[in-house]
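My numbering numbers the first residue of the sequence shown as 194 and each following residue consecutively.
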Amino acid sequence: MSSTIDHAKCVLVIGATSGIGRHLALALANLPSRPTVIAAGRRVERLKELETTNGLKTAQIDVAADGKVLKETVDGLIAQYPDLDAVVIASGIQYQFDFLKPETINLDNVAREFNVNYIAVVTLISLFMPHFLKLSEQGRPSFVIPITSGLALMPFPTVPNYSASKAALRSFSISLRDQLKDTKVKVIEILPPLVESELHDEQGTTPMLSKFWMPLDEYTEKTMAGLRKGDEQVAVGTADVVLKRFKGLDTSFQTALTFGDK
Ligand SMILES: NC(=O)c1ccc[n+]([C@@H]2O[C@H](COP(=O)([O-])OP(=O)(O)OC[C@H]3O[C@@H](n4cnc5c(N)ncnc54)[C@H](OP(=O)(O)O)[C@@H]3O)[C@@H](O)[C@H]2O)c1
């Protein structure tokens, strides 16, 4: 029987101070196996609230910190929580860019968005990998769970760099899953549709988007069902509709490798 998140003993959720990450952290803590859940993010007050009101463990992490700081953070967490066997990476930011008004394009934000949404995620995964591979050698499953987006499959033009960062992360996740296929490290990609959160607050589009988004409770319930079932790609709502259209383009590497061998 393949392992699912129900087997996790200790889950780190990075980006758990609001939105999808917060709801998933709380839902994961309520799994029948009652795993230890560590909520992480930058906002200390919100972490404190998760600790005192909800009984979660917490860690302050800025995923945009440099590699040395991130390595110290990851090593510290593994030392403190040797049973850590799942990491959900829900940290993410989004900016709009209008290339018809090139003078308005803030290139620092382009780099910041790609770093938080892609480079930092790859960095974190690489830092956790020695620990997860060690668990695998001991016969223990572990779970790497990046959050991409339905926009990884079909970009939304007003957020071109965000869409590209999520497409990059999806592509990376598919390759990673293939590289790890003979280990007990599972890569599970979560692809949300438009969901109630704080992601769009800075852009001022929350009031408009809130007319269309999926409420967090509904989204969390559906995503937890996919995670518990053992799906490798957990897509909900419109993201699931688009993913099904891509099903013909199997993400298995067999085809590409066979083709490459010819
Ligand atoms: N909501 C949607 O419609 C939607 C759709 C598809 C995909 N997603 C993806 O789902 C994930 C969760 O987003 P959300 O919608 O729940 O947005 P959100 O409410 O804005 O939550 C984003 C989380 O990321 C954290 N974060 C941002 N920058 C960070 C940094 N430098 N270091 C550490 N944590 C950082 C924030 O915590 P702090 O500010 O405390 O650090 C917050 O907890 C993101 O990857 C997003 O791209 C969302």
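Note that beta-carbon positions come from the ideal geometry of N, C-alpha and C, so glycine has one too. Everything numeric in this text was worked out from a predicted model, so none of it was measured.
Excluding sequence positions up to five away, which residues of its chain have a Cβ less than 8 Å from the Cβ of residue i?
| i | result |
| --- | --- |
| L270 | L205, I231, A252, L277 |
| P225 | D199 |
Between residue i and residue j, what straight-line distance do the alpha-carbon atoms span, to the nearest angstrom?
| i | j | result |
| --- | --- | --- |
| L420 | T197 | 7 Å |
| Q287 | V352 | 7 Å |
| L346 | V429 | 13 Å |
| K359 | Y311 | 7 Å |
| L263 | A233 | 13 Å |
| G343 | S368 | 18 Å |
| G397 | L326 | 43 Å |
| D291 | T297 | 7 Å |
| Q426 | L293 | 35 Å |
| E242 | L217 | 16 Å |
Who are the near neighbours of residue i in its chain, counting only those whose CB is closer than 6 Å to its CB and skipping five residues on each side?
| i | result |
| --- | --- |
| S211 | E391 |
| R215 | A209 |
| R236 | T210 |
| A220 | T413, M417 |
Given residue i, which residues of its chain have a CB within under 7 Å of its CB, disregarding the five upstream and five downstream residues?
| i | result |
| --- | --- |
| F349 | S356 |
| T316 | G260, L263 |
Examine ligand 3 and report whether any of its heavy atoms sits within less than 7 Å of the Cβ of residue i.
| i | result |
| --- | --- |
| E411 | By its list of ligands, the structure shown excludes ligand 3, since it contains just ligand 1. |
DSSP state of residue i, grouped into three classes?
| i | result |
| --- | --- |
| M371 | Met is not the amino acid found at residue 371; the sequence shown has Asp there. Reduced to three states, the DSSP call for D371 is helix. |
| P295 | helix |
| E395 | helix |
| E382 | strand |
| G234 | strand |
| A428 | strand |
State the CB to CB distance for the pair residue i and residue j, rounded to an integer number of angstroms; the pair is presumed to be in contact (CB under 8 Å).
| i | j | result |
| --- | --- | --- |
| L362 | A432 | Not really, about 14 Å apart at Cβ, beyond 8 Å. |
Cβ pair count under 8 Å reaching 3, the stretch 375-382 against the stretch 322-341: yes
The stretch 280-294 touching the stretch 243-252, judged by at least three CB pairs closer than 8 Å: no
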